[in-house]
Structures are given as C-alpha cells and as structure tokens.
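Read top to bottom, the protein sequences are chains A and B.
Position one of the first sequence corresponds to residue 1191 (this note's numbering), numbered consecutively onward.
Position one of the second sequence corresponds to residue 31 (this note's numbering), numbered consecutively onward.
We put the beta carbon where it would ideally sit given N, CA and C, even for glycine.
Let me begin by presenting the structure, written as structure tokens, before commenting on it.
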Amino acid sequence: MSVSHSVSRHEKGVDRPSGLNWSGVSALFAVTVRRLLGGKRLLGIGLLFLLPALLTTLIRFQGGRDEPMAIEFAMLILLIPLSALPFTALLLTSGLIQDEVEEQTLTYLLLRPLPRWLIYLTKLAAAIVCTIVIATLCTAINLAVIHYEDLKEPTELIQHGFWLSLIYALALFAYCGVFGLVGLLFRKSLPMGVIYIIFIEGLLANIPFVVRKATIIFYERVLMLRWLDLGKKAADTWSIDLELAPSSAECVLTLLGIGLAFGIVAGILFTVREFRVKTPEAT
Amino acid sequence: MSPAQVGSSVQPVVDFEGVSKWYGNVIGLNKLTVKVPPGITGLLGPNGAGKSTFLQLATGQLRPSQGRVTVLGQRAWNNPELNRRIGLCPEQDAFYEGMSGLEFVTFCARLAGLGPARAKQAAEQTLDRMGLAAQMNRAIRGYSKGMRQRTKLAQALVHDPEVLFLDEPLTGTDPVVRHELVQIIVRIAAEGKAIVISSHVLYEVQSITSNIVLVNRGRLVAEGDIRQIRDLIDTHPHRIVLKSTQGRNLAARLVREEDVVGVEVRKTDGALLVETHAPDQFYQRLSQIALDPATPIDEVYSDDDSLEAVFKYLVQT
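What follows is the structure, given as structure tokens:
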C-alpha cells in the first residue's frame, strides 16, 4: 500500500469557509436528482405518464376512431391528475429521507456543516424539479401524439400545453410538500400515501361539499376549467360552479401555500428529529 | 466496581457531563461523565455497551436525554458549524454504491463546504493518502472490504477535521488490511488530530493507543492510561506466570509472601500462576528469589498485561 506524505491544510486548500454552503447545497441537489432519476422507478413513472400517448398510438394502429379532444379530456384532464401526478410525487418524495435512513447513508449528510432544514429543503426541491420536468416532458409527448394532426400549426397547441403543464407543476409542488411530510411521519409512507390519494384526492374531491377544498385536485380542476376552457361539460362532471369557485389567483396561491407550508413543517421536523443508525443491543 | 478515573489537566476534546440517553425504556448511556483528551483514545466495551450511542451523541446525531455533550467546547447536538471540525467514519458499510470512490469523497468534501475544484483536489489527495489512487475512479460497489473502509476513512478526513471519530473501523477486515488501517490511523494522529476509535476487540485498540475509555451497559467503567487503570484495580489480583524447573519449591516460597493471594500450577505446562495485589513489589523481589538456587526462574511474564485481561477484570465484576 502506498503511503504518501502528510498533506497540510494549506496544501489541500482546505480552510473553514463560513456562510451558506452553496457548494454543498448544489452537490446535494445534483446527487439527489441523480438518485431520483436512476433505476426502475423512473421507468414506472414514465409509463404511467405516457399512458395517453401509448393508448392513442394503440387506437390508431387498431384503426379505431381518433377523437383527440375526447382522448385528451379522458387522459390528460381526468386520468393524469388523479393518478400520475400524485403517484409520481409520492414515489419520488416519500423516500427522500427514508431511503437514506434505510440505506444508512443519511449519516454522511447529517455530519456536514449544513443546517438540517436546508438538507431537507434541498432534497425536496430536487424532487419537485424532477417531477415537474418529467411531467412537462411527458405532457409535451402526450399532446404531440394525441394532436398529431394539428402539429402543422402548433402555436395553439403549445399554448395549451404550457397552461396544462403549469397546472400540473402547481399540483406537483403541493403534492411533493404533502408527501415529503408523509415520508417523515410514517415508516410505511407508500401505503399511507396511496390511502391519501384514494380517499382524500379520489373520493373527497368528488363530493360537492366544502370539504373538497381540503384537496389539491379541487384547485387543479378549477384552474383547468378557468385556463383550459374545458366547457360546461367538464364543470358538470366535477360539480364545480365557476361562479362560486375560487379565483385563479386563489387557486395558485393555495397550491403554492400547501407545498410551502408542508415543506416548512417537514423541514422543522427533520431538524428536531433524531435519526438513530443502529438499535442499541442488550443494554 | 466504581469508575476508575484518571485525572488530567489537558483541555478535553470531547466532554460528556452526566449524559444519559434513553431509547424508550432502553438505556443507551447512563449518567456518563467522561472527558476525552487530545491524541488517540480507544472507546472500548462489549457489543451493546453504548459505544455507538456515545459516538452518535458526540457527533451530534443524537440529542442527550439528560446531561451535556460538548466537542471542542461546542454543543454537539444539531450544530452544523461544529461539523466543519469533526469527521466520522461510521460503522455501517453504507455508500452511494453507484458512485466511484472519487465521486463519493468529492461529494462529501463539497457537503463540507469546499468549492467543486478544491473538493475534487482534496478528495484525490485524501484517497491517495489512503492508498486508493489507482482505484478511485472505480465504482464503490466493486470495492473490497479494505477499500471500502479506507474510502469511509477518506470521507471523514477530506475536510481536514480536528477530531476524528472512528466507529469500529477495523471490524471485518483481514489482518493485512487491519495492519494498513492501523498504520493510517497512527499517521493521522501524528499529524495532530484527536481520534476517538471505538472497538469491542481489545487487541485491535491496544496496538493503536494506551489511552482508553471503557464502557459497559451504558456506564463508564474506567478511563485513562491502561497501566494506570490496571494500578487502580487493586481489588483484583494481578496474574503473573512463572516458569521454573523447581516449581514445587518456588510455589512453597511464594505462598509465604504477604502480597501473594494465591499460587496455582498450570496443568498444560506446569507453570505457576501467581496472583498478587502488589505487582510492583512482587516484581522487585523476584530477582532475589531467582538468585536462590532452590528456586530458579526461567521465564516471567504477566498474564494480564494485555487490554483483554484488564477489560475482563473491569467489565465482568
């Protein structure tokens, strides 16, 4: 084994920087993104998000009736918000800390000169960025495939895609905040998240009562009605009266507020909570 | 037995004052008061003694249920600034397996606050010091046990900490790797870093340091120099082995000595096992006894000159 000479602090260029550790934050962000986008998880999420494009392609190959607006409504307006969006956020966010605990790598993060809340929020930000990028790319592919005929004049389609992606992004921001906290509160965060998606977002949001204002998908739907010009049929489907529904600004602020509030609570919880690496034996 | 404390006027690197740590109803540490001086200190105790709890408290991963933990004069729990000055080589064999050794250590250096270029440079230099220059660009998942241990050591050292905590760093390594790691640890200490090294295997530590902190069942059993500790355990007899061609005569002579508690003939080789409460006086008399033709002595050695024996004395009583 080689034994080289002792390297002094000066030679290594190691000093004790003070202030916010941006190098550490950016490194943690990059490594979190790399971990989130690696493996089979991304494949599963991609398939879920690209289901509309796959089904549309299948219908075309089978020679079935091609009704882009109907497909888009069924897939991008009804299916994706209720399935791909919350499940992607759940898969990428609930394990942010739990995976590090289970793989026993959290020690390497906690033993650094980074405030704990900043570690959490950096990882959460990485998850939010990943989910939004995945959603935006997949939405573009889905729209391109569904509206294949309209691609020659894409301006309107691009505008439509922009607003749809923005709504998805706002919803993902809120979902990531919620599921990040779920991941810190519950050891079995995935089942807890699935229960939340089915009962809160799936059932509660469809009850035309004030409690549905406690769901993320309600605000998402109001924004879709206001920004995507879906018409009365969609409003009736969801039992939403736009005269009484929150304004677009209220919806945006509510979704951002949910994400921020849950993120901050989770950051505080991560700061004060102990993460024991090893169970004490026989004491 | 009450804790054997060896006083010191040196400013402690790690200071536990009446520290208890509870995990629900389970005690991890029980009213532990100990001051760890600069240099290398061995944290010893059997499995479940509280060593990992000690290190997790000292590195600020756990919050004491009671008492106060300070490192380099600063509160340990949740103190990011202190983390600039300490390094931990954890016991668990855990990494971001897909990364190369260089990527991993560079990542740790950046987390420690070094800029990207300086972090890479520091990582390369530290891995080189660990003898991993040729392997640093390979994925960690392909590393041998020794290489993984050295990589863990490198991530703990890359930001040039003042205090280094090593949690069972030699566990699971073969004798060659163990020797290499011991050399590295001794060299790091020679550079002026304080090192706290935990182990449940005493012979591992005795080759690195004579300064030990002994814990068992969450309590401090003893601390200080191993020889001072041995002197303090006056309630336990010191065992000395004597080999003689006239064993019977020698035994008869020795049992008459006041400080000799007992003499026993070892069945395997006929050597005498002498137990005494005053080993220093006994050794002084031995030369006279040996000069007597009726009681020749061919070989003398202490049966408990090793940490192992001291450890047995201290934790089993």
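Of all residues in the segment 1282–1311 of chain A, only E1293, Q1294, T1295, T1297, Y1298, L1299, L1300, L1301, R1302, P1303, L1304, P1305 and R1306 come within less than 8 Å of chain B when Cβ atoms are compared, listed by chain position. DSSP places D328 of chain B in the coil class of the three-state scheme, outside both helix and strand.
Take L196 of chain B, set aside five residues on each side of it, and the residues of its chain with a beta-carbon closer than 6 Å to its own are C119 and I227, in chain order. Scanning B:M177, B:V212 and B:L187 for the CA closest to the CA of T136 of chain B turns up B:L187. In this model, L303 of chain B and A252 of chain B are separated by some 26 Å (Cα to Cα). Only exposed fits R278 of chain B, as fewer than 16 other CB atoms lie within 10 angstroms of its CB. One alpha carbon belongs to T1312 of chain A, the other to L1218 of chain A, and they sit about 7 Å apart. Between the C-alpha atoms of R1306 of chain A and K65 of chain B there is a straight-line separation of about 28 Å. Judged by their CB atoms, A149 of chain B and R140 of chain B are nearer to each other than the 8 Å cut-off. With its beta carbon less than 8 Å from one in chain A, Q91 of chain B belongs to the interface. For L1434 of chain A, there is no enclosing alpha helix (DSSP H), since its DSSP letter is neither H nor E. Among the bridge pairs identified by DSSP, K61 of chain B is matched with none.
Note: W52 of chain B is bridge-paired with B:I57 in the DSSP secondary-structure output.
Interface flag for R140 of chain B against chain A is set, since a Cβ pair is found closer than 8 Å. Judged by pairs of C-beta atoms under 8 Å, the segment 1367–1374 of chain A touches the segment 1272–1288 of chain A, as three or more such pairs exist.
Rounded to whole angstroms, the Cβ separation of V44 of chain B and A88 of chain B is 5 Å, and the two are in contact under 8 Å.
Under a 10 Å Cβ-count criterion, E1346 of chain A is classified as exposed, with fewer than 16 other Cβ atoms of the shown protein chains found around its own Cβ. Contact check for K51 of chain B and S82 of chain B: beta-carbon distance about 11 Å, past the 8 Å limit, so the pair fails to qualify. Taking all protein chains shown into account, L85 of chain B has 16 or more neighbouring C-beta atoms within 10 Å of its C-beta and is therefore buried.
Contact of T1461 of chain A with chain B by beta-carbon distance below 9 Å involves N108. Identification of chain A residues near F137 of chain B by a Cβ-Cβ cut-off of 7 Å yields A1217 and V1221, ordered along the chain. Per the Cβ contact rule, the segment 1246–1264 of chain A is not in contact with the segment 1293–1300 of chain A (fewer than 3 Cβ pairs under 8 Å). In this structure Y173 of chain B is buried. Its beta-carbon is surrounded by 16 or more other beta-carbon atoms within 10 angstroms. Chain-order list of chain B residues neighbouring N1332 of chain A: empty, with the shortest C-beta distance near 30 Å, by a criterion of under 9 Å. Here F195 of chain B carries a strand assignment [DSSP, helix/strand/coil]. Rounded to whole angstroms, the gap between the alpha carbons of Q41 of chain B and K223 of chain B is 14 Å. Among the bridge pairs identified by DSSP, V44 of chain B is matched with B:V66 and B:V101. Against chain B, the beta carbon of N1211 of chain A has neighbours under 7 Å at G143, listed in chain order.
In the DSSP annotation of this structure, G1392 of chain A is not part of any alpha helix (DSSP H), being labelled neither H nor E. A check of alpha carbon separations from V1384 of chain A across A:S1284, A:I1309 and A:E1292 identifies A:S1284 as the nearest.
For L284 of chain B, the secondary structure class from DSSP, reduced to helix, strand or coil, is helix. Boundaries of the alpha helix (DSSP H) harbouring K1230 of chain A: K1230 to F1239, taken from the DSSP string. Cβ-Cβ distances below 6 Å link E47 of chain B to T63, G97 and R98 in the same chain, with the five nearest sequence neighbours on each side left out; the list follows chain order. Exposed is the label assigned to Q104 of chain B, since fewer than 16 other Cβ atoms lie within 10 Å of its Cβ. At a cut-off of 8 Å between C-beta atoms, Q104 of chain B does not count as an interface residue with respect to chain A. Assignment of Q1294 of chain A by DSSP, reduced to helix, strand and coil, places it in the coil class.
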